[in-house]
Every structure is written in structure tokens, then in C-alpha cells.
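See structure below.
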Amino acid sequence: MLSEESKVYLAIETSGAMCGVCAYVSDEKYYENIIVQKNIHSEKLYELIDITLNQMNIKLNELYAIAISNGPGSFTGLRIGMSAVKGLAFGASLPIIPVPTFDALALQISTYIKNNEEFAIINKVSMDEVYYAKYKKTSDYFENIIPLEIKPKNELDIRTENCLLYGNVIENNLLNISNPTPLFVAKWAKIFGEDKKTFNFDYSEPEYFKKFIVKGKKND
Numbered sequence: 001m002l003s004e005e006s007k008v009y010l011a012i013e014t015s016g017a018m019c020g021v022c023a024y025v026s027d028e029k030y031y032e033n034i035i036v037q038k039n040i041h042s043e044k045l046y047e048l049i050d051i052t053l054n055q056m057n058i059k060l061n062e063l064y065a066i067a068i069s070n071g072p073g074s075f076t077g078l079r080i081g082m083s084a085v086k087g088l089a090f091g092a093s094l095p096i097i098p099v100p101t102f103d104a105l106a107l108q109i110s111t112y113i114k115n116n117e118e119f120a121i122i123n124k125v126s127m128d129e130v131y132y133a134k135y136k137k138t139s140d141y142f143e144n145i146i147p148l149e150i151k152p153k154n155e156l157d158i159r160t161e162n163c164l165l166y167g168n169v170i171e172n173n174l175l176n177i178s179n180p181t182p183l184f185v186a187k188w189a190k191i192f193g194e195d196k197k198t199f200n201f202d203y204s205e206p207e208y209f210k211k212f213i214v215k216g217k218k219n220d
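Per my numbering, the very first residue in the sequence shown carries number 1; after that it's consecutive.
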């Protein structure tokens, strides 16, 4: 059995504009590489993975697991990230750990705020809808007060939200973040992800949370 000091998690974040990779053992030993640029994931993701593994001086098949930010988020970004992870994990016989994107971000936010403070994450779904979840910082990381849901944007009045607000819908976002860094995807996987590990790659899919309907032109 591997000791905690020898377990290396490779974490990937592609749920938004960020394309990021982290090789993580502990808060004292990790390497993280990030590019923030739209539509760059397919071009740069594998390059970042190679750079990060080389920095950690580890081969792919020596990893403990591969964690992937699993959504919700950008449809294209999530597909690219999951496809890459499934290919790498299958080739190296490694388990995948799907990481809820909002929970990884909640873990990240909770490192900056005081105990018992409440906060909401609000990200854009479309022109008319938002993703919404509410959390509370606790001595043991965080508590999910209101589970992730989709709300009509016109029903959301941020002036009545009696808590800290984060996300790409919020002007002057306190930490200027709406998606987690790969470091916190890795940390979530290590703290909470042991029972989420899977080798069932065929059924590993992003959690879009919203059903996408392809609209076609009606024939007369």
C-alpha cells in the first residue's frame, strides 16, 4: 500500500477559460501550471501535463490517480478535459477521480475566509440562467447549504444575498475567481475523493447539469 507521502495525484481543470494541471502530493510538494486563455485547451493541455510530470520527476504510470474537474462548466472545455483524462488513465491503468467543480472552488474559497462565513458561487449558464450553490466555511473545510441548482437570472437579486459572493456573474468578484485552480481540484480529490475513484471509463462523463437541446430548422 502506498504511503500518503508517495501518492501523487494529477489534477486537470478545463471547466472554464483556465487550462490547468497540477501534480500534487501535499501543500508542501506540488507543481502547478496554468494558462488562462479561451479556446486553448485542446492545444495546450497535453503540453502542460508533460511539463508538470517532468517537474515532479514522475512517469504517468507511477501516479496514484488522475482527478478531473467534472463540471458544471464549459461544454467544450469539460469534454476536452474528460477525453484527455480517460485516454491517459486507460493507457496507464490508473483510476479517475471526478471532482465536482463548484465543490473544488468552495474548498479554495474556504481557505481565504473565516469560520462560519457563508458564501455563494454564481456562474453563468446562459443569457437567462445561472448556476447557484451556497456554502458555509467550517472548521472541517466547508458545508454545502444550498445544493447546486440552475436559477432563472431574473429571479436572482444579488442585493438580497446576505453572504459573500463569487462567480463570473458577480461584478468585483472578491477573489476574481469563478473556477477552481487545478491545485484545489487535486486537494479535493485527496481529501474527499477516495470513494469516487473509478476504472469505469465508459461511464465517466462530465456533469453538465443542464441538458443541451440541439435545435433544428423546421421543415414546412
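Think of the CB as a built atom: it goes at the ideal place given N, C-alpha and C, for glycine as much as any other residue.
So what does residue i bridge to, in DSSP terms?
| i | result |
| --- | --- |
| LYS44 | Per DSSP, none; premise fails for LYS44. |
| PRO100 | Answer is none; PRO100 lacks a bridge partner. |
| ALA189 | Beta-bridge pairing links ALA189 to no other residue. |
| ASN33 | VAL21 |
| THR198 | ILE96 |
| SER26 | LYS29 |
Here's the rule I'm using: 16 or more other beta-carbon atoms within 10 Å means buried, otherwise exposed. How should residue i be labelled?
| i | result |
| --- | --- |
| ILE146 | exposed |
| SER74 | buried |
| SER178 | buried |
| LYS218 | Its pLDDT being 49, under 50, LYS218 is placed unreliably in this model, and the value from its coordinates should be taken loosely. So LYS218 ends up on the exposed side. |
| ILE191 | exposed |
| ASP220 | Residue placement at ASP220 cannot be trusted, given a pLDDT of 47 that sits under 50; the coordinates are not used to answer. |
| ASP103 | buried |
| PHE212 | Reliability of the predicted coordinates at PHE212 is poor, the pLDDT of 47 falling under 50, and the value obtained from them is presented with this limitation in mind. The residue in question, PHE212, is exposed, as its Cβ has fewer than 16 Cβ neighbours within 10 Å. |
| LYS70 | According to the sequence provided, residue 70 is Asn. The question's Lys does not apply to it. Classification for ASN70: buried. |
| THR52 | buried |
| PRO152 | exposed |
Given a cut-off of 8 Å on the beta-carbon distance, is the pair residue i and residue j in contact?
| i | j | result |
| --- | --- | --- |
| LYS137 | ILE113 | yes |
| LYS44 | ALA17 | no |
| ILE97 | ALA189 | yes |
| LYS7 | LEU107 | no |
| TYR131 | PHE201 | no |
| MET56 | ILE68 | no |
| ILE150 | VAL185 | no |
| ILE12 | ALA84 | yes |
| THR198 | PRO95 | yes |
At what residues does the beta strand (DSSP E) containing residue i begin and finish?
| i | result |
| --- | --- |
| ILE12 | 9-13 |
Considering only residues of the stretch 117-172, which uninterrupted beta strand (DSSP E) runs meet the minimum length of 3 residues and lie entirely inside it, listed in chain order? Within the stretch 117-172, the complete beta strand (DSSP E) runs of at least 3 residues are 118-124, 129-138, 141-152, 164-166.
Inside the stretch 37-84 only - alpha helix (DSSP H) runs reaching at least 4 residues: Entirely contained in the stretch 37-84, the alpha helix (DSSP H) runs reaching 4 residues are, in chain order, 41-56.
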